[in-house]
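Residue numbers (the working numbering), protein chains in the order written: chain S, 1 to 239; chain A, 1 to 327. Cβ atoms here follow ideal geometry from the backbone N, Cα and C, with glycine treated the same way. Written out below as structure tokens is the structure these notes cover.
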Amino acid sequence: MPAPPSAAESRLDTRYAVETPEGIALWLRPAGVVPRFYAYLVDVAIRFLFFSISFVFLSLLGTFGEGLALVLFFLLEWLYPVAFELSSGAATPGKRLLDLTVVMDSGLPITPAASLTRNLLRAADFLPSLYAFGLLSMLFRHDFKRLGDLAAGTLVVHAPRAELLRGTPPAAPARAPAVPLTARAQAAVIAWAGRVTRLTDARADELAEIAVPVVVPRAMGGDRVAALVGVAHWLLGRR
Amino acid sequence: MTPLQFESQHAAAWQELETALTPPSGKRKPTPADRARIAALYRAACEQLAIAESRSYPVWLIERLEALTSRGHQLIYRQGDFGIDNLRRLFLVDFPRAVRAHRLQVLIALAAFAGPLLVIGVLCYLDPSAILSLQDAGSVEQYEGMYGDPDGPIGRRNADSDWAMFGFYIRNNIGIAFQCFAGGLFFGVGSLFALIFNGAAIGSTAGYLTWRGFGANFYPFVITHGAFELSGIVLAGAAGLLLGHALLVPGRRSRLAALEEAARGAIVIVYGMTAMFAIAALLEAFWSSARWVPASVKIGVGAACWVAVTAYFLFQGRARRASGEAP
Chain S
1 MPAPPSAAES RLDTRYAVET PEGIALWLRP AGVVPRFYAY LVDVAIRFLF
51 FSISFVFLSL LGTFGEGLAL VLFFLLEWLY PVAFELSSGA ATPGKRLLDL
101 TVVMDSGLPI TPAASLTRNL LRAADFLPSL YAFGLLSMLF RHDFKRLGDL
151 AAGTLVVHAP RAELLRGTPP AAPARAPAVP LTARAQAAVI AWAGRVTRLT
201 DARADELAEI AVPVVVPRAM GGDRVAALVG VAHWLLGRR
Chain A
1 MTPLQFESQH AAAWQELETA LTPPSGKRKP TPADRARIAA LYRAACEQLA
51 IAESRSYPVW LIERLEALTS RGHQLIYRQG DFGIDNLRRL FLVDFPRAVR
101 AHRLQVLIAL AAFAGPLLVI GVLCYLDPSA ILSLQDAGSV EQYEGMYGDP
151 DGPIGRRNAD SDWAMFGFYI RNNIGIAFQC FAGGLFFGVG SLFALIFNGA
201 AIGSTAGYLT WRGFGANFYP FVITHGAFEL SGIVLAGAAG LLLGHALLVP
251 GRRSRLAALE EAARGAIVIV YGMTAMFAIA ALLEAFWSSA RWVPASVKIG
301 VGAACWVAVT AYFLFQGRAR RASGEAP
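Spelled out as structure tokens, the structure:
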């Protein structure tokens with residue numbers, strides 16, 4: 001298990017852990033104001049376009065169409081988010097575009113009651129105008145819940161990405177460390193090797209300088225970075 | 001075991017789980033055997049994540065497993081049952097029970113709505129100019145055409161058709177009801193305001209029209225859909241007050257926990273209240289305004305609706321005493 005975050009860390013870090021019945025921690029990453037604002041804009045645009053196009057056709061039907069248009073407007077205004085949140089992606093098209101989903105704050109999939117609650121209470125978030133209360137609530141909380149989310153017990157999170165291959169070390173000939181390394185030291189070397197491609201050469205070398213005298217003293221003169229990456233490969237199992 | 005050995009040992013299972021979690025676009029429903037397999041793979045992945053974390057395996061392994069398990073968790077714990085049985089149970093049992101369970105809030109909402117309605121109604125009947133302090137002269141003038149015209153449909157300007165009015169009632173009235181509910185989040189003040197305001201507006205209209213001598217048009221018009229609409233607005237307010245009450249008097253819980261719990265109860269009332277408004281919109285558009293239905297029939301049907309709605313909230317969904325179990 002990763003060490004639980006200290007008080008200072010948890011004040012900065014917005015990651016949010018929930019434990020599942022299987023005994024693992026799910027890490028939720030609540031989405032802040034900016035991506036949710038963009039998602040909202042996209043949804044407003046989609047609803048506007050959809051309504052305008054339908055309105056053109058419905059107005060051909062005379063007063064019957066006028067009535068239907070008003071019902072459609074009602075459904076788009078209040079139930080559009082509910083319908084999409086209960087579908088398999090658990091997010092409106094705007095949220096999907098920004099890779100957000102809505103979940104319960106227990107990490108479970110959203111329930112119909114919670115989805116309706118959070119979307120009807122939008123009216124309270126909107127007050128006094130332009131989502132001011134919702135915005136304040138999101139800014140004051142590190143899980144970015146708006147008032148509707150508070151009552152419904154829901155969270156808007158960044159969707160877990162399926163493809164992730166970051167942290168693979170660059171190619172280098174494997175070499176054994178000179179001394180047996182503790183589990184913590186092994187993890188540190190592997191984690192450093194995974195970050196090497198994203199560090200400047202000077203910084204990578206500077207960090208390598210700390211480890212190399214102990215881990216591979218024979219490589220002191222040569223390319224310290226390549227030597228330490230080689231050790232990381234050895235530790236990963238390329239021997 | 002090195003991380004690479006660990007990865008190659010389980011890669012096939014992870015790949016299988018990954019493909020199972022991204023269903024093909026054909027949307028084939030998973031068979032029970034598929035589901036059992038997914039659950040088994042998911043549990044195995046959870047175990048492997050725990051192992052990987054305790055052994056400080058590299059970040060790409062852990063993140064892959066985290067993504068895999070969290071997607072599996074979402075799929076496995078999804079509640080797929082919004083079926084017709086739940087809907088039946090909602091209206092036969094849960095909704096009337098929720099209303100009775102929160103009778104305190106319902107009675108407060110009723111007082112906040114019916115009190116101003118009666119007081120302002122009598123006031124406007126005795127002194128019709130009082131309506132002008134609540135509504136502007138233009139809309140009062142419109143009532144003449146809506147309720148005074150002996151030929152056209154009642155309760156609307158002549159040009160509006162049944163369907164257009166149905167759409168209007170749905171959008172306008174249910175929207176107001178939802179806002180009335182949401183206003184409860186401000187310690188109940190928003191809901192109280194909406195109840196008092198709507199009560200006063202309806203009371204002033206009724207009082208004025210009675211004084212004007214349009215009662216014979218007005219009361220047959222409102223009585224039928226009023227059974228659903230007026231009780232609907234009271235229930236919307238009660239659902240809002242439930243939220244406000246939880247925030248004001250959380251008891252031995254945090255305010256947030258109390259709010260979440262109250263919202264779970266209130267939303268059941270909101271489901272039912274929305275259905276009542278939909279019924280009211282249908283009646284108001286197609287029945288109440290119709291000229292071909294004699295006023296006496298409307299009064300009779302309307303009275304029956306009031307009795308039915310009251311009986312529904314008082315008796316529907318109670319546990320049967322003889323059998324001693326919930327229906």
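Separation of residue j from residue i, as counted between CA atoms
i              : j              : result
A40 (chain A)  : L17 (chain A)  : 10 Å
M1 (chain S)   : H73 (chain A)  : Reliability of the predicted coordinates at M1 (chain S) is poor, the pLDDT of 42 falling under 50, and the value obtained from them is presented with this limitation in mind. Their Cα atoms are separated by approximately 19 Å.
R55 (chain A)  : S115 (chain S) : 39 Å
N198 (chain A) : D136 (chain A) : 15 Å
M165 (chain A) : F73 (chain S)  : 14 Å
I84 (chain A)  : L90 (chain A)  : 10 Å
P327 (chain A) : Q316 (chain A) : Residue placement at P327 (chain A) is flagged as unreliable, the pLDDT there being 44, under the threshold of 50; a coordinate-derived value is accordingly withheld.
F277 (chain A) : I174 (chain A) : 6 Å
N86 (chain A)  : T117 (chain S) : 18 Å
L86 (chain S)  : P3 (chain A)   : 38 Å
T168 (chain S) : V231 (chain S) : 13 Å
R156 (chain A) : G145 (chain A) : 8 Å
R78 (chain A)  : F113 (chain A) : 40 Å
L195 (chain A) : A17 (chain S)  : 41 Å
S106 (chain S) : D149 (chain S) : 13 Å
P35 (chain S)  : L121 (chain S) : 20 Å
A275 (chain A) : A236 (chain A) : 12 Å
G148 (chain A) : N217 (chain A) : 8 Å
A123 (chain S) : G300 (chain A) : 38 Å
R97 (chain A)  : A262 (chain A) : 15 Å
Q179 (chain A) : I170 (chain A) : 14 Å
Q9 (chain A)   : G237 (chain S) : 13 Å
P250 (chain A) : F133 (chain S) : 22 Å
A257 (chain A) : L155 (chain S) : 15 Å
R43 (chain A)  : G226 (chain A) : 55 Å
L41 (chain S)  : F64 (chain S)  : 31 Å
A239 (chain A) : R103 (chain A) : 11 Å
Q15 (chain A)  : L248 (chain A) : 52 Å
L207 (chain S) : R218 (chain S) : 17 Å
W234 (chain S) : I210 (chain S) : 19 Å
D151 (chain A) : W306 (chain A) : 27 Å
Residues bridged to residue i (per DSSP)
i              : result
A25 (chain S)  : S:E19
P173 (chain S) : Answer by DSSP bridge pairing: none, since P173 (chain S) is not bridged.
V157 (chain S) : S:P30 and S:T101
Beta-carbon proximity of residue i to residue j, cut-off 7 Å
i              : j              : result
G265 (chain A) : G184 (chain A) : no
A290 (chain A) : E229 (chain A) : no
V229 (chain S) : A172 (chain S) : yes
T101 (chain S) : A159 (chain S) : yes
A204 (chain S) : V196 (chain S) : yes
L28 (chain S)  : V157 (chain S) : yes
S288 (chain A) : F221 (chain A) : yes
V93 (chain A)  : V99 (chain A)  : no
W163 (chain A) : G67 (chain S)  : yes
G167 (chain A) : V71 (chain S)  : yes
L65 (chain A)  : L75 (chain A)  : no
E55 (chain S)  : A69 (chain S)  : The question names Glu, but residue 55 (chain S) is Phe in the sequence shown. Yes, Cβ-Cβ distance for F55 (chain S) and A69 (chain S) is below 7 Å.
V270 (chain A) : F214 (chain A) : no
V140 (chain A) : I131 (chain A) : yes
I108 (chain A) : L242 (chain A) : no
Buried versus exposed, by CB contacts within 10 Å (16 or more), residue i
i              : result
R351 (chain A) : In the structure displayed, chain A extends from 1 to 327; residue 351 (chain A) sits before or after that span and is not available.
T20 (chain S)  : buried
M138 (chain S) : buried
I267 (chain A) : buried
G324 (chain A) : Confidence is the limiting factor: at G324 (chain A) the pLDDT is only 46, short of 50, which leaves the residue's position unreliable and the question unanswerable from this model.
F48 (chain S)  : exposed
P116 (chain A) : buried
T69 (chain A)  : buried
T31 (chain A)  : exposed
I202 (chain A) : buried
V234 (chain A) : buried
N172 (chain A) : exposed
Q5 (chain A)   : exposed
M1 (chain A)   : exposed
D127 (chain A) : exposed
Start-end ranges of the alpha helix (DSSP H) lying completely within the stretch 93 to 150 of chain S, minimum 4 residues: Within the stretch 93 to 150 of chain S, the complete alpha helix (DSSP H) runs of at least 4 residues fall at 93 to 97, 112 to 120, 122 to 126 and 132 to 140.
Ordered list of alpha helix (DSSP H) runs contained in the stretch 183 to 214 of chain A, each at least 4 residues: Those alpha helix (DSSP H) runs which fall completely within the stretch 183 to 214 of chain A and span 4+ residues are 189 to 212.
Which runs of the alpha helix (DSSP H), 4 residues or longer, sit entirely within the stretch 108 to 155 of chain A? The qualifying runs are 137 to 143.
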